[in-house]
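Residue numbers (my numbering): 1180 to 1362.
Heads up, the thing below is written out as structure tokens.
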Ligand SMILES: [Zn+2]
């Protein structure tokens, strides 16, 4: 006997399908549970209303790109914030931990006619910073860029703030030379 089911609106059918987790049917292999395929970061109300997180979020909103003054965007998590310049997400990237007054790491990029300089400042402990500067050739195909890397500077000690601003290449190289002499 054929049973005729009442028609359901398509939207309801789709909604029901969306609620069901997809089951992988792969013959001869072990299906991967849906939950481990993608770890979605969900901020619950408890997290969003946490005063420390709210304070951290507020602080993060006050941060600006040191090179162009633009706002920063990115991921703010109760344990850390990973941010980048909204104007140019390659020129400034940083990581902040809540309740601290210096960033855990910062990456600044300078582009001149022939070279790109990547300045990476990483904090170790409470007040020791490692500043590394690498130079890359801009006159090669992007896939070969990394092979042109030349280490220009590597220093651990006080935080060097000088490079947190735009400057002409001659000023940059002069300062780099000076730091290399004294480091
Ligand atoms: Zn910027």
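The beta-carbon is built from N, C-alpha and C at its ideal position, and this holds for glycine as well.
Could you have a look at residue i and say whether DSSP puts it in helix, strand or coil?
i, result
"residue 1226", "helix"
"residue 1270", "coil"
"residue 1344", "coil"
"residue 1335", "strand"
"residue 1323", "helix"
"residue 1281", "coil"
"residue 1296", "strand"
"residue 1233", "helix"
"residue 1287", "strand"
Counting only beta-carbon separations shorter than 8 Å, does residue i have a partner in chain B?
i, result
"residue 1304", "Absence of chain B from the displayed structure is noted, only one protein chain being present."
Kindly indicate the opening and closing residues of the beta strand (DSSP E) around residue i.
i, result
"residue 1251", "1251–1255"
"residue 1311", "1307–1316"
"residue 1263", "1260–1264"
Can you give the beta carbon distance from residue i to residue j, rounded, assuming they're within the 8 Å contact cut?
i, j, result
"residue 1246", "residue 1271", "6 Å"
"residue 1311", "residue 1337", "That pair is no contact at about 15 Å."
"residue 1152", "residue 1264", "Because the chain is modelled from 1180 through 1362, residue 1152 falls outside the range shown and cannot be assessed."
> Is there contact here, the region 1317–1327 with the region 1339–1347, by at least three beta-carbon pairs under 8 Å?
Replying inline: Judged by pairs of C-beta atoms under 8 Å, the region 1317–1327 does not touch the region 1339–1347, as fewer than three such pairs exist.
>> Quick check: the region 1323–1335 against the region 1279–1292, are at least 3 beta-carbon pairs closer than 8 Å?
In response: No, the region 1279–1292 is not in contact with the region 1323–1335.
>> For the region 1249–1269 against the region 1297–1305, do three or more pairs of beta-carbon atoms, one drawn from each stretch, fall closer than 8 Å, so that the two count as touching?
In response: Result no; under three Cβ-Cβ pairs closer than 8 Å.
> With distances taken from each beta carbon to the nearest heavy atom of ligand 1, which residues come in below 6 Å, in chain order?
Replying inline: The filter returns 1244, 1246, 1247, 1249, 1264, 1266, 1267, 1270 and 1271, in chain order.
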